[in-house]
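Trainee: My questions all concern the structure below.
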Amino acid sequence: MFCSRTWAVSNQVPQAQDNDRVTETVTVDAHDLFSQLSTSVYLGRREPRRGLLDSIQNVSEGTIRVWRNWLSEQCETKTFSDGTPVTVHHDSSSQRDRKEPMMSGDVSHTKEDPKRDKSILWINTRDDNIGIKFKVKEKKWRRTTAMPILFESDVEVAVSYEVEFEEILVRTAHLLFTLEEAKQQMANDGGRAIVFGSLKMTSSAPKRMAQIVRLKPESLQEYKECHAKAWPEVLQQIKDCHIVDYSIWFDDRSSTLFATMKWVGSDFDADMAKMAANPKVQEWWAMTDSMQESFVEGAKGSTDPKGWWKPLEEVFRFEG
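Start counting the sequence shown at 1; every next residue gets the next number (full-length UniProt numbering).
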């Protein structure tokens, strides 16, 4: 069985280069058949005046498997043995495969089928709802010797490519269903019970939150120890996301953790997006999630859009 690394693209925001190109380096190690890109897709809405993000909604999370042979086939910098460049054409495969002439007024053939385009890779969700169109260029390795190196197979050689993100494709139905589900969830929450780390609230008014999760009894001591020495990067991110008065309580009879906090920012969605994008926070969540069991049905972790800690409904408040 071949394995490979997963490169967390979503945590490393690509920088615009040369005419606003967005690129990423993909490396396939020796004896590996593929590499993986970890992806997170968000839909943002900008303010009409200042152009700042007004709200952010999670659309999808997953990975894209990038195969060694696909990179080689799509590479635009390949050459023949005599040094002649190999030209890679990006014509629509739906046009290449079309055998029947298009009839007047027939619009079914005027639309290209993205699934036929080999330059598009799809996120490994249940359905091919989100894909990314790439351009590929090979990056040469620097060798310390001028002597030629012979390999029995191409798989024995580590390769590196620069992939350029041309465009992202999202099925309209998937996008509409996602937004409708988020809208319904917001209505059900009533603006009072919010999952820490999810993207469900757009109100700018300060909010108090409470939520619970079950702690595995055997992990109690480890959980206390890691929070006694909480990572500075995580604490700083909590502060930067305008979370204050954050406390976690423990009930030994039910082995339940009870957390309370107050959010005092101006854009909850943007703050939570920054929180979720921090690699150190993700590492902290992965560590603490392994010690917990969620009360949220079907939840897979703190990065799950469903949430990991179960929100509680506030039934009474007295501020004096």
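Backbone N, C-alpha and C fix where the C-beta goes; we use that ideal spot for every residue, glycine too.
Could you compute how far the alpha carbon of THR27 sits from the alpha carbon of GLU76?
Mentor: About 16 Å.
Trainee: Using alpha carbons as the reference points, say which of ALA299, GLU313 and ILE212 lies closest to GLY307.
Mentor: Out of ALA299, GLU313 and ILE212, ALA299 has the C-alpha closest to the C-alpha of GLY307.
Trainee: Going by DSSP in three states, residue 359 sits in which element: helix, strand or coil?
Mentor: This structure does not reach residue 359, given that the chain is present from 1 up to 320, and the question cannot be answered.
Trainee: Going by CA-CA distance only, name the one from TRP284, ARG65 and SER247 that's closest to THR39.
Mentor: The shortest C-alpha separation from THR39 is found at ARG65.
Trainee: For MET287, which of helix, strand or coil comes out of DSSP?
Mentor: Of the three classes helix, strand and coil, the one that applies to MET287 here is helix, per DSSP.
Trainee: Kindly indicate which residue of GLN36, ILE238, GLN282 and TRP285 has the alpha-carbon position closest to the one of GLY265.
Mentor: Answer by Cα proximity: ILE238.
Trainee: At 4 residues or longer, and completely inside the segment 265-312: list those alpha helix (DSSP H) runs for me, N to C.
Mentor: Those alpha helix (DSSP H) runs which fall completely within the segment 265-312 and span 4+ residues are 268-277 and 279-289.
Trainee: Work out the CA separation of VAL163 and residue 353 for me, nearest whole Å.
Mentor: Since the first and last residues shown for the chain are 1 and 320, residue 353 lies out of range.
Trainee: What are the start and end residues of the beta strand (DSSP E) that includes TRP122?
Mentor: Run containing TRP122: 120-122, per the beta strand (DSSP E) assignment.
Trainee: For SER40, which of helix, strand or coil comes out of DSSP?
Mentor: Here SER40 sits in strand by DSSP.
Trainee: So for THR110, helix, strand or coil by DSSP?
Mentor: Its pLDDT being 41, under 50, THR110 is placed unreliably by the model, and the measurement read from it follows with that caveat. Coil at THR110, not helix or strand.
Trainee: Tell me the residue span of the alpha helix (DSSP H) that contains ALA228.
Mentor: That run of the alpha helix (DSSP H) goes 220-228.
Trainee: Please report the straight-line C-alpha distance between TRP309 and GLN282, rounded to a whole angstrom.
Mentor: Cα to Cα, the separation comes out at about 15 Å.
Trainee: Measure from the alpha carbon of GLU167 to the alpha carbon of each residue in GLU180, PRO217 and PRO114, then state which is nearest.
Mentor: The option with the nearest alpha carbon to GLU167 is PRO114.
Trainee: Just how far apart, CA to CA, sit GLU73 and LEU312?
Mentor: Cα-Cα distance, rounded: 52 Å.
Trainee: Using three-state DSSP, classify ASN58 as helix, strand or coil.
Mentor: Three-state DSSP puts ASN58 in a strand.
Trainee: Check whether the Cβ atoms of MET291 and GLU222 sit closer than 8 Å, and answer yes or no.
Mentor: It is a contact, given that the beta carbons lie within the stated cut-off.
Trainee: Skipping 5 residues on each side, what residues in its chain have a beta carbon closer than 6 Å to that of LEU71?
Mentor: Same-chain partners within the cutoff: VAL136 and TYR161.
Trainee: Quick one: using the 10 Å Cβ neighbour count with 16 as the cut-off for buried, is MET209 buried or exposed?
Mentor: That one is buried.
Trainee: In the DSSP output, what is SER160 paired with across the bridge?
Mentor: Paired residues: THR27 and LYS139.
Trainee: For a test of your reading of the model: does the CB of THR25 fall under 7 Å from any non-hydrogen atom of the ligand SAM? Yes or no.
Mentor: Ligands are entirely absent from the displayed structure, and the ligand SAM is therefore not among its contents.
Trainee: Whole angstroms are fine: how far does the CA of LEU37 sit from the CA of ASP252?
Mentor: When rounded, the distance between both Cα atoms is 41 Å.
Trainee: Here's the rule: buried if 16 or more other CB atoms are within 10 angstroms of the residue's CB, otherwise exposed. What is VAL213?
Mentor: VAL213 should be labelled buried.
Trainee: Which residues share a DSSP beta bridge with VAL170?
Mentor: Looking at the DSSP assignment, VAL170 forms a beta bridge with ILE130.
Trainee: Just to confirm my understanding: we take LYS99, look at its own chain, exclude 5 residues before and 5 after, and list those with CB closer than 8 Å. What are they?
Mentor: Caution is warranted here: a pLDDT of 41 is assigned to LYS99, below 50, making its placement in the model unreliable, and no coordinate value can be reported.
Trainee: Which of the three DSSP states is assigned to ARG49 in this structure?
Mentor: In this structure, ARG49 counts as coil in the three-state DSSP scheme.
Trainee: Considering Cα atoms alone, identify which of GLU233, ALA259, LYS274 and GLY301 is closest to LYS280.
Mentor: When each option's Cα is compared against that of LYS280, the closest is GLU233.
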